[in-house]
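Engineer:
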Amino acid sequence: MIFQNVAAGLVLFAISLVPAPVLAEIRIAVAGPMTGQFAAFGAQMAGGAASAVADINAAGGVNGETLVLETVDDGCDADKAVAVANQLIGKEVVFVAGHFCFGPSISASEVYAQAGIIQMSPATTLPKFTQDRPGAGVFRLAPRDDQQADIAGAFLARDHADARIAFLHDKTAYGKGLVDAVKTVMNGLGKRESLSIGYDAGEDAYRELVSDLVLQNIDVVYLGGYHPEAGLIKLEMVRQGLDAILIAGDALMTDEYWSVTGSAGNGTLLTYPEVPRRMAAAAKVVTAMEEAGLPADRYALTTYAAVQIWAQAARQAQTTGFEDVVDALGAGTFETVLGTVAFDDKGDAGVPAYVWYEWRNSAPVRR
Numbered sequence: 226m227i228f229q230n231v232a233a234g235l236v237l238f239a240i241s242l243v244p245a246p247v248l249a250e251i252r253i254a255v256a257g258p259m260t261g262q263f264a265a266f267g268a269q270m271a272g273g274a275a276s277a278v279a280d281i282n283a284a285g286g287v288n289g290e291t292l293v294l295e296t297v298d299d300g301c302d303a304d305k306a307v308a309v310a311n312q313l314i315g316k317e318v319v320f321v322a323g324h325f326c327f328g329p330s331i332s333a334s335e336v337y338a339q340a341g342i343i344q345m346s347p348a349t350t351l352p353k354f355t356q357d358r359p360g361a362g363v364f365r366l367a368p369r370d371d372q373q374a375d376i377a378g379a380f381l382a383r384d385h386a387d388a389r390i391a392f393l394h395d396k397t398a399y400g401k402g403l404v405d406a407v408k409t410v411m412n413g414l415g416k417r418e419s420l421s422i423g424y425d426a427g428e429d430a431y432r433e434l435v436s437d438l439v440l441q442n443i444d445v446v447y448l449g450g451y452h453p454e455a456g457l458i459k460l461e462m463v464r465q466g467l468d469a470i471l472i473a474g475d476a477l478m479t480d481e482y483w484s485v486t487g488s489a490g491n492g493t494l495l496t497y498p499e500v501p502r503r504m505a506a507a508a509k510v511v512t513a514m515e516e517a518g519l520p521a522d523r524y525a526l527t528t529y530a531a532v533q534i535w536a537q538a539a540r541q542a543q544t545t546g547f548e549d550v551v552d553a554l555g556a557g558t559f560e561t562v563l564g565t566v567a568f569d570d571k572g573d574a575g576v577p578a579y580v581w582y583e584w585r586n587s588a589p590v591r592r
């Protein structure tokens, strides 16, 4: 009897020495400009990723394992992005929501592809990012710039078939590239422009440029460039009595445009991705993030969706293994704060889609 009690005590003692089971962890990351001039966008990405991880963990994690989030700063610099990507390899990260700027996104994608880490950018719109992706694990949860050109070019050819159209660009990669792409689409649909001019950014006035538009009886101006010059050109159009519609790309989606033009900016049209916070599927997450004091703007929600999608794909694959999750991402459809998402064979989702906005009384309003 004594022996049995001693034996039982030894068993209990042995059990007490066995450590309590520890839940396995899955390390993922968000990478973007957490410092520098684009830090506000990095803050959105970090907040969106943290919120998604918290929500997923509260619902049981991924395949019974807890997500742990690494947040890294690339400063919107391509070389720094390579460095932080290599750091993430050492931390055994299996998924990265990032990067923001196209240079870091492209440079880091080479590192992730070689390491077998899935990358999904919630912000990079440059077509090259997925067009020339170095591996099957590179995805994009943002619309491509050429999709913007498709919408604008078709609009000009269809809705302004009889108008005299001028193309203006600021000679930058963004401005000229956008104008060239829009022009190609419009020309392909049988509509020709009346005028195409490059202008120098940073000027104080564009009187001569607008005078040329007046002499050519221009009805529609499509501008590839940024808000400071676009605002001054629009002001000069009003001063010279040129009753032409100004149309531009997503760079005019900023309050700074209105600060230049004032009421002269009324009627300006631009293409810009649909605002995610206005989508029905995002309502609960937007409310929760705002109550937590986190930004719930575009890149917060696209980053939240990126983490959602990866988690759903890992559940479908029943593993976090690279090849199996990549296959699941390529074949599946995913319910997210952006609505239903699926990827094409290049890794593009095309969401949020470009839609039309019009500047009206100090705010861009969706048409």
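Mind the numbering: the sequence shown is residues 226 to 592 in my numbering, read in order.
Cβ coordinates follow ideal geometry from the N, Cα and C atoms, glycine included.
Please check the pair residue 386 and residue 498, which I expect to be a contact at CB under 8 Å, by giving their CB distance rounded to whole angstroms.
Structural biologist: Translated into the one-based positions of the sequence shown, residue 386 becomes position 161. Translated into the one-based positions of the sequence shown, residue 498 becomes position 273. No, residue 386 and residue 498 are not in contact; Cβ-Cβ is about 27 Å, not under 8 Å.
Engineer: I need the straight-line Cα distance from residue 410 to residue 416, nearest angstrom please.
Structural biologist: Residue 410 sits at position 185 when you count from the first residue of the sequence shown. Residue 416 sits at position 191 when you count from the first residue of the sequence shown. Looking at the two C-alpha atoms, the distance is approximately 9 Å.
Engineer: Grab me the residues of residue 572's own chain with a C-beta within less than 7 Å of its C-beta, minus the 5 sequence neighbours each way, in chain order.
Structural biologist: Counting from one through the sequence shown, the residue named residue 572 turns up at place 347. Only 355, 358, 363, 364, 365 meet the Cβ criterion.
Engineer: Taking the straight line between their C-alpha atoms, what separation do you get for residue 513 and residue 526?
Structural biologist: Position 288 of the sequence shown, counted from the start, is the residue given in the question as residue 513. Position 301 of the sequence shown, counted from the start, is the residue given in the question as residue 526. Spanning the two alpha carbons is a distance of roughly 12 Å.
Engineer: Measuring CB to CB, does residue 489 end up less than 9 Å from residue 288?
Structural biologist: Position 264 of the sequence shown, counted from the start, is the residue given in the question as residue 489. Position 63 of the sequence shown, counted from the start, is the residue given in the question as residue 288. For residue 489 and residue 288, no; Cβs fall outside 9 Å.
Engineer: Among 253, 311, 251, 277, which residue has its Cα nearest to the Cα of residue 524?
Structural biologist: On the sequence shown, position 299 is the one that residue 524 refers to. Residue 524 has its Cα closest to that of 277, out of 253, 311, 251, 277.
Engineer: In terms of residues, what are the limits of the beta strand (DSSP E) holding residue 471?
Structural biologist: Here residue 471 is taken as the residue at index 246 of the sequence shown, counted from 1. Element bounds for residue 471: 470–473.
Engineer: So what's residue 230 in DSSP terms, helix, strand or just coil?
Structural biologist: Mapped onto the sequence shown, residue 230 falls at position 5. Interpretation of residue 230 is limited by its pLDDT of 43, a score under 50 that renders its predicted location unreliable; the figure taken from the coordinates is listed afterwards. Helix, per DSSP.
Engineer: Return helix, strand or coil for residue 258, following the three-state DSSP convention.
Structural biologist: On the sequence shown, position 33 is the one that residue 258 refers to. Residue 258 falls in the coil class under three-state DSSP.
Engineer: Within 8 Å, do at least three Cβ pairs link the region 546–559 to the region 580–588?
Structural biologist: Contact between the region 580–588 and the region 546–559 is not established, with fewer than three Cβ pairs separated by less than 8 Å.
Engineer: Can you tell me whether residue 368 is helix, strand or coil according to DSSP?
Structural biologist: The count along the sequence shown starts at 1 and reaches residue 368 at position 143. The answer is coil: DSSP assigns residue 368 none of H, G, I, E or B.
Engineer: Return no unless some Cβ of chain B is closer than 9 Å to the Cβ of residue 435.
Structural biologist: Among the chains in the structure shown there is no chain B, since it carries only a single protein chain.
Engineer: Does residue 394 come out as helix, strand or coil in the three-state DSSP assignment?
Structural biologist: Numbered from its first residue, the sequence shown carries residue 394 at position 169. Note: residue 394 maps to strand in three-state DSSP.
Engineer: Here's the rule: buried if 16 or more other CB atoms are within 10 angstroms of the residue's CB, otherwise exposed. What is residue 369?
Structural biologist: Numbered from its first residue, the sequence shown carries residue 369 at position 144. Buried, because 16 or more other Cβ atoms sit within 10 Å of the Cβ of residue 369.
Engineer: Answer with buried or exposed for residue 454, where buried requires no fewer than 16 other C-beta atoms within 10 angstroms of its C-beta.
Structural biologist: In the sequence shown, counting from the first residue as 1, residue 454 sits at position 229. Buried is the call here.
Engineer: Bridge partners for residue 592 per DSSP, in chain order?
Structural biologist: As a working mapping, residue 592 is identified with position 367 in the sequence shown. Looking at the DSSP assignment, residue 592 forms no beta bridge with any residue, so it has no partner.
Engineer: If you draw a straight line from the C-alpha of residue 274 to the C-alpha of residue 325, how long is it?
Structural biologist: Counting from one through the sequence shown, the residue named residue 274 turns up at place 49. Counting from one through the sequence shown, the residue named residue 325 turns up at place 100. When rounded, the distance between both Cα atoms is 13 Å.
Engineer: Which residues bound the alpha helix (DSSP H) around residue 554?
Structural biologist: As a position in the sequence shown, residue 554 is number 329, starting the count at 1. 547–556 is the span of the alpha helix (DSSP H), which, as asked, contains residue 554.
Engineer: Would you report the Cα separation of residue 309 and residue 428, rounded to the nearest angstrom?
Structural biologist: Taking the sequence shown and counting its residues from 1, one reaches residue 309 at position 84. Taking the sequence shown and counting its residues from 1, one reaches residue 428 at position 203. Computed Cα separation, rounded: 38 Å.
Engineer: Could you compute how far the alpha carbon of residue 381 sits from the alpha carbon of residue 290?
Structural biologist: For this step, residue 381 is matched to residue 156 along the sequence shown. For this step, residue 290 is matched to residue 65 along the sequence shown. Roughly 51 Å separates the two Cα atoms.
Engineer: Which one or two residues does DSSP pair with residue 337 in a beta bridge?
Structural biologist: Taking the first residue of the sequence shown as position 1, residue 337 is located at position 112. According to DSSP, which records beta bridges pairwise, residue 337 is partnered with nothing at all.
Engineer: Please tell me whether residue 520 and residue 272 are closer than 9 Å, where the distance is taken between their beta carbons.
Structural biologist: To locate residue 520, count along the sequence shown from 1; it is residue 295. To locate residue 272, count along the sequence shown from 1; it is residue 47. Contact: yes.
Engineer: Note the first and the last residue of the continuous alpha helix (DSSP H) segment covering residue 321.
Structural biologist: As a first step, residue 321 must be located in the sequence shown, where it is residue number 96. Run containing residue 321: none in the alpha helix (DSSP H); it sits in the beta strand (DSSP E), 320–323.
Engineer: Work out the CA separation of residue 419 and residue 510 for me, nearest whole Å.
Structural biologist: Within the sequence shown, numbered from 1, the residue matching residue 510 stands at position 285. Within the sequence shown, numbered from 1, the residue matching residue 419 stands at position 194. Going from the Cα of residue 510 to the Cα of residue 419 covers about 47 Å.
Engineer: Taking 9 Å as the cut-off, decide whether the C-beta atoms of residue 342 and residue 559 are in contact.
Structural biologist: In the sequence shown, residue 342 corresponds to position 117, counting from 1. In the sequence shown, residue 559 corresponds to position 334, counting from 1. Not a contact, by the Cβ cut-off of 9 Å.
Engineer: Mind checking who residue 584 pairs with in its DSSP beta bridge?
Structural biologist: Stepping through the sequence shown from its first residue, residue 584 is reached at position 359. In DSSP, residue 584 forms a bridge with 589.
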